Amino acid sequence: MWLKPEEVLLKNAFKLWVTEKDNEYFVLQRRRGYGEGGGGLTGLLVGTLDTVLDSTSKVAPFRILHHTPDSQVSWSIACGVTKEEIVQHWDWLQKNIMRTLSVFDSSEDITSFVQGKIRGLIAEEGKTSLVLEDDPEKFREALLRFEKWFELPPEEKLVTYYSCSYWKGKVPCQGWLYLSTNFMCFYSYFLGAEVKLVISWDEVWRLEKTSNVILTESIHVLAHREDHYFSMLLHLNETFVIMEQLADYSIKRLFDKESFEREPALSDPLQITKRGLEAHARSEQFRTFFRLPKEENLLEVHESFLWVPFCHFNTLGKICLSENYLCFASQDGSQCHVIIPMREVVNVEKPDSSSRALTVCVRGKRALRFSEVRDYQRLANTIRSRCGISASPQHSASSEGIRGECQSLINHFDDNPEDVTLMVGQKDSSKAVSTEALMTVFHPQDVENLDPKMLKEKMKEQSWNIHFSEYGRGTSMFFTKKTRDLIVRGVPEALRGELWMLFSGAVNDMATHPGYYTELVEQSLGTSTLATDEIERDLHRSLPEHPAFQSDTGISALRRVLTAYAYRNPKIGYCQAMNILTSVLLLYAKEEEAFWLLVAVCERMLPDYFNRRIIGALVDQAVFEDLIRENLPQLVEHMTDLSFFSSVSLSWFLTLFISVLPIESAVNVVDCFFYDGIKAILQLGLAVLDYNMEALISCSDDAEAVTILNKFFDNVTNKDSPLPPTVQQASVSNNDKASHISVDISELIREAYEKYGNIRSEEVESSRKRNKLYVIQTLEDTTKQNVIRVVSQEVRFNVSQLDELYNLFKRQHFLSCYGTMKSPALLHHDPSLAYLEQYQLGFQQFSVLFSLLEPWAFCTTKSTLSLWISRLIDENQDGLVNFKEFCCALDTLYSGSFTNKLKFLFKLHLPPAFDLPEDGVIRKSPERGRGKVDLQAYLKQWQNEILKKEETIKDLPRINQTQFIQFSKTLYNIFHGDPEEETLYRAVAHVTSLLLRMEEVGRRLQEPSSPSESKKPASSSSSSSTTATAAAAESSTEEASTTPESSDTASSHNSQDAGADLSETDWSFSFEQVLASLLNEPSIVTFFERPVDVHTKLGQARVAQLKLKASK
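Under this note's numbering, think of the first position of the sequence shown as 5, with each following residue one higher.
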């Protein structure tokens, strides 16, 4: 690798370098401790220094220096990990530089020319190399060490590296931590003791910051059931964040199969950088806080003051700009924040250059004034260009009028803040299927009814109207503490749908996709899939007691929304609990609005909740357990096993308490959820447990605790609800009332915010990331245990061996996914499939793994025979091998009897393994899609498997000429390299000759008696057959004695030639004949019955798996 020229004052300082080659202008040196002899004690010390210290002169074992005869200063210009690499650089210098240097007169000119040439080479390499980090030179050196020490696949992308200590037991090892796209690596070398650690991100169970008496602050990594601690990090928080991001990126890419097409920095795993990860994390945090669509990315951040008219002062905060939104949040984020869609912006003016201010005018006669913006002119131009204001003729024609209007608005707002109003920024779609919320249709408000509940409802509406007049209404409304206070008190029935749309961000989705829902409904209705079948089954289970869902109006609307969403997002499709949530949404929102609310919940607010494994809900349950330990220590002391709360609270999270609370109370919880997200659900869960603390502590078992919580929820009421008794669900008998005091939902929510409102959303998101690793790995481990339990009944491997085999199988699956987002293995991985089919290998993957585990030396990566094996064991012929099929094949070859091993080899040369085209193409079976599932076909397949009789040797078909010749070649390949190779070859040749003679004798016995003339042709034909086959066998013997690969490549040609010679006759052998002949050869029987050391084989495969990938 060429290096930026740097001075080296003493080229042989302390005798650390040994000169290998030199000439008048260049010196090639080798580092002591590397290469021949190792360097003794000096080499040992040098190796330790190279690991602990970080310097250009201590990076690679080889380097090239430039020097001139009349100068004492040398310049390092190249380094190399291997001698071959550094010799290439040396040869290039001899060929391209040495001749040119003779034309210069002075040493300064020579040195200047060499330095310029080397810098030019580095710049040329940089045009095509991967994106490097802030210090390219140091990063190049680190990349060199990374490649040298860990021997990972060449395409593996190093993201960043840090100096740290790794605790091996109670001893710290000082070294370097390398973080790449797919691996976390550590290397240390101290006084001859080498420590090397390689962990793939998909194997990490826990990743967290910890501290104790010995380690004041460290990073804890749990992988392979082993704890790893890294400390003495100069930038511990930065290191942890990058590790967390890489682990999260790996989980999303490999387990969730999430693509990053809209984020170029993450779309290609081979180009991922630290800067790209940080930008992705910032954008994700930005979208989460402001509830923006997932297409938005944070582009610019500007610190500024925003004039807040309702408070009459400027608040400090940050302007956040994305592709389609201008957002502002005060410094602590809680005082106020505002979201301005670019579509609502009318103009941008710079009224006051002295205060570096700009004014953004939005629709509805509203303006927002930002001041003390450092780069206000560029920001104003950026907003204009994104809004298309400068390109619009009508805006340019009336710019003076708009400027005057904006200035008058600012002056007016300063004097009369209560007059601020804003029109709702929502486009109405005329194509909506239903234009009314179901609550409006089935429970219209009686204007003349002035009972106390209705009066209180009107007072709530009046409070919100006052709030709107002060803070705005619609998409550009200010979100403040007062907004949250109103939410906690309860949202009026008439405003609930509008506010849900606003707080969730669904209003922006609907405004930017006019007519989208109507098109989805037209496309999806009438389709028949597994999702539509499940939807039809659950339609009448959705709030069945509510009048709206006792009629066709409500049921039809629910069907359309759920079916449209399943059509939009087939990855989620439909899951239980979606029907309950959608039913409540339809009560207060129009049908199209309910659809977009469902999109917001499923895809942004509750990620990964509604899929087959409900990972999101399990993650939030783990977060909930952490909060219980932190906030309810008394409960933790009494109930050490908190998994009980996980099982009980699952429905709380999946349905937002709708399934456990009466509907009139549950909607208040939904109000808080749309404003504060999952934080509101966690707070309420803690408040529920706190309220029932004494009862839970005194209960004797889990069943009693469940009863206590159920009775509590039954007694939660909403005293302010204007809904009639026919709609309300709370019905408590007198006996229950006597024993249980009713709790008002508003009081419960207020208590939750007062006691647990200090829980920060950032902490919740961080806890989600931390627990997601553990939840996914737990699910993966459960899958592994289920697979092992099924497979162990059919093979002779013990549980620990199956566990190791599964890990190898799964890693082979992932190895093909590490470098690309579109790996066939990744595309075919579906966690919703049966356990055995979740991880499968295509031909190339299978061939590589089988070459590591096969008991004989016949299977190489490109072996034709490995393709036949994969076809033979692929029972459903879809081009993919599952773990059970793989283990059964290995079990036969490792532990099977001589007869079973021979039968396996015999079947390799019969259809379907032998006769299919050798393309290795994956052919998916029809039933694997998300379409309509033929249950009858599945039942029939299951019945056939149960009734399937064990195959006997008499059931095997006879092997023909071509197949028999290839069978002989396969035996030769198997014996290649064995100590008894020659003896085994002779035995096979003897068996082949014996079988052919038996065939000839049998053919003669079957021939009818005839004159000698008629026997002559048959005899000659038969003898020619024997001669040809023997020749083919001899040919294959000679080929096999060279290399197995040459034998494999030539086998098909020889088979065809032999087949052509033998076309005059048609003969074949049965398996019984082949078996009987081979049993008479003790050397062959001994070879096949030789035991295989499974433990050693698995250990070697584990070590070689990554190296084999790296060497390809």
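A virtual CB, placed ideally from N, CA and C, is assigned to each residue, including glycine. Computed from a predicted structure; not experimentally measured.
When you compare the region 561-570 with the region 584-597, are there three or more beta-carbon pairs, one atom per stretch, that lie closer than 8 Å?
With a cut-off of 8 Å, the region 584-597 and the region 561-570 count as touching, because enough Cβ pairs lie within range.
Closer than 8 Å is the cut-off here; do at least three beta carbon pairs connect the region 875-885 with the region 839-851?
With the cut-off at 8 Å, the region 875-885 and the region 839-851 touch.
What is the DSSP secondary structure of Y29, counted as helix, strand or coil?
coil
Inspect the CB distances between the region 380-394 and the region 356-367 and report whether three or more fall short of 8 Å.
yes
Go ahead and pull the three-state DSSP assignment for K8.
strand
8 Å contact criterion, which C189 and V202 should meet: CB distance rounded
5 Å
Excluding the five sequence neighbours on either side, which residues of its own chain have a C-beta within less than 7 Å of the C-beta of L988, listed in chain order?
F979, D982, S1087, I1088 and F1091
Spatial neighbours of L1110 within its chain, please: CB distance less than 6 Å, with the 5 preceding and 5 following residues excluded, ordered by chain position.
Contacts found: none.
Would you call the region 458-467 in contact with the region 495-504, where contact means no fewer than 3 C-beta pairs closer than 8 Å?
yes
Who are A371's beta bridge partners in DSSP?
C365
Hey, which unbroken runs of the alpha helix (DSSP H) at 4 residues or more fall wholly within the region 758-796?
765-795
Please state whether DSSP places S653 in a helix, a strand or coil.
helix
Express the C-alpha separation of V791 and S1117 in angstroms, rounding to a whole number.
The chain is shown from 5 up to 1116; residue 1117 falls before or after that span and cannot be answered.
Determine the DSSP secondary structure at C177, reduced to helix, strand or coil.
strand
Give every residue of the same chain whose Cβ lies closer than 8 Å to the Cβ of I632, excluding the five residues on either side of it in the sequence, and list them in chain order.
L639, V640, L646, F649, L690 and L693
In the DSSP assignment, find the unbroken alpha helix (DSSP H) run with W205 in it and report its ends.
No residue range can be given for W205, since it is assigned to no alpha helix (DSSP H) and is classified by DSSP as neither H nor E.
Find out if the Cβ-Cβ distance for the pair T487, E348 is shorter than 8 Å.
Against a cut-off of 8 Å, the Cβ pair of E348 and T487 comes out as no contact.
Return helix, strand or coil for G196, following the three-state DSSP convention.
Secondary structure at G196: coil, using DSSP grouped into helix, strand and coil.
Quick check on the DSSP output: what are the complete alpha helix (DSSP H) runs of length 4 or more inside the region 85-150, in order along the chain?
87-100, 102-105 and 111-132
Please list the terminal residues of the continuous alpha helix (DSSP H) segment that includes Y329.
Y329 -> not in any alpha helix (DSSP H); beta strand (DSSP E) instead, spanning Y329 to S334.
Is G558 buried or exposed, if buried means 16 or more other CB atoms sit within 10 Å of its CB?
buried
When DSSP builds the beta bridges, which residues end up paired with A82?
W6 and I68
Hey, could you find the ends of the beta strand (DSSP E) E607 is sitting in?
Going by DSSP, E607 is part of no beta strand (DSSP E) at all; its letter is neither H nor E.
Excluding the 5 residues flanking F902 on each side, which residues of the same chain have their C-beta closer than 7 Å to its C-beta?
V1089, F1092 and E1093
When we look at the beta-carbon of R532 and count the other beta-carbons within 10 Å, is it buried (16 or more) or exposed?
It should be noted that the sequence gives Ser, not Arg, for residue 532. Answer is exposed; the Cβ neighbour count stays below 16.
Could you tell me the distance, in whole angstroms, from the CA atom of R367 to the CA atom of R493?
30 Å
Assuming C891 is part of the alpha helix (DSSP H), what are its boundary residues?
The continuous alpha helix (DSSP H) containing C891 extends over residues F887 to S899.
Beta-bridge partners of C391, as assigned by DSSP:
None, per the DSSP bridge assignment.
When you compare the CB positions of A146 and L162, do they come within less than 8 Å of one another, or not?
Judged by their CB atoms, A146 and L162 are nearer to each other than the 8 Å cut-off.
Whole angstroms is fine: what's the gap from F374's alpha carbon to F309's?
Across the structure, F374 and F309 are spaced so that their CA atoms are roughly 6 Å apart.
Can you tell me whether G321 is helix, strand or coil according to DSSP?
strand
In or out: V605 buried (at least 16 other Cβ within 10 Å) or exposed?
That one is buried.
Where does Q844 sit, in a helix, a strand or coil, going by DSSP?
DSSP places Q844 in strand when its eight states are reduced to three.
When you compare the region 744-756 with the region 708-725, are there three or more beta-carbon pairs, one atom per stretch, that lie closer than 8 Å?
Short answer: they touch.
Pull the bridge partners of H1099 from the DSSP assignment, please.
Answer is none; H1099 lacks a bridge partner.
Report the rounded CA-to-CA distance for V352 versus N318, giving the unit in angstroms.
19 Å
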